[in-house]
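What follows is a set of notes on a single structure, which appears directly below.
Numbering (the UniProt record's numbering), first residue to last: 1 to 242.
Pasting the structure below:
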């Protein structure tokens, strides 16, 4: 494979994951508050920054010389370094947000770490959304509609999980390194200790989520988790009343 073919193949592969994640985030079947917080906005900015360069390079690989592309990459890279919203700083901020979140009482009560998969599990199962409201009885949602929405939501969240920040940035800067002649070290929160919680269905779902490549197939398990958490919360509220 010649350099042009390798560059195009890598750009296409990375673009696929980035575009899928961006599209998923913009077409959620209900309001997702985490996408509007600093962590979510920071993640989206990172994706858009990588997408812009990859699209520019990918579109020119058939018509421009490598030397011309290299010049454009270096101009972009220089501007990136001086930008307040550069991708690398965005990645460091994201890791900082995840580390702070992992220390929160809510995250710790569910045995969650600062890994991307754990954070996504939290926003899916613990934070308030349309489906958790239905499980809690706050709103009424027919079973068929609930399953349809949950299946769609899982498919979109899997796209965001696939565009995991550490791996995505590692691949991106590795792809850039032949042009920049720089290597980038990216810290990551590593914690493979799956802490068991009082939520049996939650524990099982957490394990299956990182093993499965078909999240929509876990719809039934996901809804059981929401019902389990809602049930525990209702029990706690009843105990507090007595």
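Quick reminder that beta carbons are idealized off the backbone N, C-alpha and C, glycines included.
Sequence-distant residues of the same chain with beta carbon closer than 6 Å to residue i, five excluded per side
i, result
"residue 123", "34"
"residue 111", "195 and 197"
"residue 77", "180"
"residue 67", "none"
"residue 152", "29"
"residue 224", "201"
7 Å CB neighbourhood of residue i in its chain, flanking five on each side removed
i, result
"residue 91", "46, 165, 169 and 186"
"residue 24", "156, 159 and 160"
"residue 120", "157, 160 and 161"
"residue 222", "150, 154 and 205"
"residue 184", "88 and 173"
"residue 177", "183"
"residue 234", "none"
Spatial neighbours of residue i in its chain, beta-carbon cut-off 8 Å, leaving aside the 5 residues before and after
i, result
"residue 87", "46, 49, 50, 80, 169 and 172"
"residue 19", "51"
"residue 139", "130 and 133"
"residue 98", "39, 114, 115, 116, 119 and 189"
"residue 42", "90, 93, 94 and 97"
"residue 11", "54, 57, 58, 61 and 175"
"residue 229", "125, 126, 132, 135, 199 and 202"
Element boundaries [alpha helix (DSSP H), containing residue i]
i, result
"residue 58", "38-60"
"residue 76", "66-82"
"residue 30", "No alpha helix (DSSP H) contains residue 30, which DSSP labels as neither H nor E."
"residue 195", "Unbroken run through residue 195: none, as it is neither H nor E."
"residue 121", "116-125"
"residue 105", "105-109"
"residue 141", "Residue 141 -> no alpha helix (DSSP H), and no H or E assigned at all."
"residue 132", "130-136"
"residue 89", "87-102"
"residue 203", "200-211"
Interface flag, residue i vs chain C, CB-CB below 8 Å
i, result
"residue 181", "Among the chains of the structure shown, chain C does not appear; only one protein chain is present."
Exposed unless 16 or more other CB atoms sit within 10 angstroms - verdict on residue i
i, result
"residue 135", "buried"
"residue 27", "exposed"
"residue 126", "buried"
"residue 204", "exposed"
"residue 145", "exposed"
"residue 215", "buried"
"residue 30", "exposed"
"residue 200", "exposed"
"residue 17", "buried"
In chain order, each beta strand (DSSP E) run of at least 3 residues that lies wholly inside the region 149-198 | The beta strand (DSSP E) runs of length 3 or more contained entirely in the region 149-198 do not exist; there are none.
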